[in-house]
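Asker: Dumping the structure here so I can ask a few things about it.
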Amino acid sequence: MSAFLIVLPLESMAHGLFHELGNCLGGTCVGYAVVIPTNFCSPDGQPTLLPPDHVQELNLRSTGMLNAIQRFFAYHMIETYGCDYSTSGLTFDTLHSKIKSFLELRTADGPRHDTYILYYSGHSHGTGEWALAGGDALRLDTLLEWWREKNGTFCSRLIIVLDCENSQPWVKEVRKVNDQYVAVQGAEMARVVDIEEADPPQLGDFTRQWVEYNCNPDSSISWSEKGRTVKAVYGVSKHWSDYTLHLPTGSDVAKHWMMYFPHITYPLVHLANWFCGLNLFWVCKSCFRCLKRLKMSWFLPTVLDTGQGFKLVKS
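When the letters of the sequence shown are read in order and numbered with our numbering, they come out as residues -7 to 307.
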């Protein structure tokens, strides 16, 4: 279809068609950020506030995280659902309501977004669950249940970005998912042996570096350099490599063609749709899809381009 459109005879008409088709093309993103800046947890699992003398440092670090993620959303033209910040933690019911509303968002034209980005920074338990107020926790399985309920048979992607001390369990667990397109980008905080030589990593350090890497083409950040105190790790679901951005359907092309081109050219649209519908190379496509799945399973790339301007990375 794209090769056929390139040979349009009139530049002005082509410009109008491309502009209209741009509304049908995939690539739309929507993002939601949750920042719960608590570093300590009581014995019963409930987050507690930092000591008073750390409040100023907490506020500065949390503000930096919010500014960084908002910069990321703005730079990549990601529609922002909101950025929630709470020093006292969020209850399970509150977070449930907010995330469900976020996951059911649609574009102005009606279809679902191609990609939903959920960012979280805060305390997490050793198995990766988000620590919530009242001793509750949010597990990855629960989050995926909400996603399946809202996504249904649609082909949207969910990307979870974690800046917390226990993101590894979710990164490993998401690799077992085989019915949805889901990815988890996490951080790994290295233990600093000699505190006098290097400051211990803190929440927010990964967000700052990851956003800088994805928003500054001239960034000198190297995730594979030795001695990093903040490392990156990510995982994707089994069929992640099968995903393709949404393209205009045959009816979309026909509709816009009829708006900008003479009636005598309509048979060309039907001919193009018929030829594309033949799918002559389905065997090759199936083999290529299997090879990509094996590659993502056995040889996960250091940098994974999402196709929407930003990348997932691992150290």
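Heads up, the beta-carbon is just placed ideally off N, CA and C, and yes, glycines get one too.
Does the distance from the CB of residue 83 to the CB of residue 126 come in under 7 Å?
Answerer: Position 91 of the sequence shown, counted from the first residue, corresponds to residue 83. Position 134 of the sequence shown, counted from the first residue, corresponds to residue 126. Yes, Cβ-Cβ distance for residue 83 and residue 126 is below 7 Å.
Asker: In whole angstroms, give me the CA-to-CA distance for residue 55 and residue 116.
Answerer: Taking the sequence shown and counting its residues from 1, one reaches residue 55 at position 63. Taking the sequence shown and counting its residues from 1, one reaches residue 116 at position 124. For residue 55 and residue 116, the distance between alpha carbons rounds to 20 Å.
Asker: Can you give the Cα-Cα distance for residue 155 and residue 103, rounded to whole angstroms?
Answerer: Start at 1 with the first residue of the sequence shown, and residue 155 comes out as number 163. Start at 1 with the first residue of the sequence shown, and residue 103 comes out as number 111. Cα to Cα, residue 155 sits roughly 30 Å from residue 103.
Asker: Do residue 174 and residue 166 come within 7 Å of each other at the CB atom, strictly closer than that value?
Answerer: Counting from one through the sequence shown, the residue named residue 166 turns up at place 174. Counting from one through the sequence shown, the residue named residue 174 turns up at place 182. Yes, the pair counts as a contact, with Cβ atoms nearer than the cut-off.
Asker: Within the continuous beta strand (DSSP E) that includes residue 180, where are the two ends?
Answerer: Walking along the sequence shown from the start, residue 180 turns up at place 188. Residue 180 -> beta strand (DSSP E) spans 173 to 181.
Asker: Ends of the beta strand (DSSP E) at residue 27?
Answerer: Here residue 27 refers to the residue found at position 35 of the sequence shown. Where residue 27 is concerned, the enclosing beta strand (DSSP E) stretches over 21 to 28.
Asker: DSSP on residue 207, reduced to helix/strand/coil?
Answerer: Here the question's residue 207 lines up with position 215 in the sequence shown. Note: residue 207 maps to helix in three-state DSSP.
Asker: Just tell me which of 123, 63, 70 and 99 has its CA closest to the CA of residue 78.
Answerer: In the sequence shown, residue 78 corresponds to position 86, counting from 1. Nearest C-alpha to residue 78: 123.
Asker: Could you tell me how far apart the beta carbons of residue 199 and residue 69 are, in whole angstroms, since I believe they sit closer than 8 Å?
Answerer: Locating residue 199 in the sequence shown gives position 207, counting from the first residue. Locating residue 69 in the sequence shown gives position 77, counting from the first residue. No, residue 199 and residue 69 are not in contact; Cβ-Cβ is about 19 Å, not under 8 Å.
Asker: Using the Cα positions of residue 134 and residue 88, report the straight-line distance between them to the nearest angstrom.
Answerer: Taking the sequence shown and counting its residues from 1, the one referred to as residue 134 is at position 142. Taking the sequence shown and counting its residues from 1, the one referred to as residue 88 is at position 96. Their backbone Cα atoms lie some 10 Å apart in a straight line.
Asker: Using CA coordinates, which residue listed in 215, 23 and 307 is at the minimum distance from residue 149?
Answerer: The residue you call residue 149 lines up with position 157 of the sequence shown. With distances taken between Cα atoms, residue 149 lies closest to 23.
Asker: Tell me which same chain residues have a C-beta within less than 6 Å of the C-beta of residue 230, skipping the five on either side of it?
Answerer: For this step, residue 230 is matched to residue 238 along the sequence shown. Closer than 6 Å at the Cβ level, and outside the excluded window around residue 230, lie 170.
Asker: Can you tell me whether DSSP reads residue 195 as helix, strand or coil?
Answerer: Counted from its first residue, the sequence shown places residue 195 at position 203. Coil at residue 195, not helix or strand.
Asker: Of the choices 172, 111, 81 and 180, whose alpha-carbon is the least far from that of residue 236?
Answerer: In the sequence shown, counting from the first residue as 1, residue 236 sits at position 244. Residue 172 is the option with its Cα nearest to residue 236.
Asker: Leaving out five residues on either side along the sequence, give the residues of the same chain with a beta carbon under 6 Å from the beta carbon of residue 142.
Answerer: Taking the first residue of the sequence shown as position 1, residue 142 is located at position 150. Counting only Cβ-Cβ distances below 6 Å, and skipping sequence neighbours, we find 95 and 96.
Asker: To the nearest angstrom, how far is it from the Cα of residue 17 to the Cα of residue 219?
Answerer: Indexing the sequence shown from 1 puts residue 17 at position 25. Indexing the sequence shown from 1 puts residue 219 at position 227. Caution applies to residue 17, whose pLDDT of 42 falls short of 50 and renders its modelled position unreliable; the value that the coordinates give is listed next. Their backbone Cα atoms lie some 42 Å apart in a straight line.
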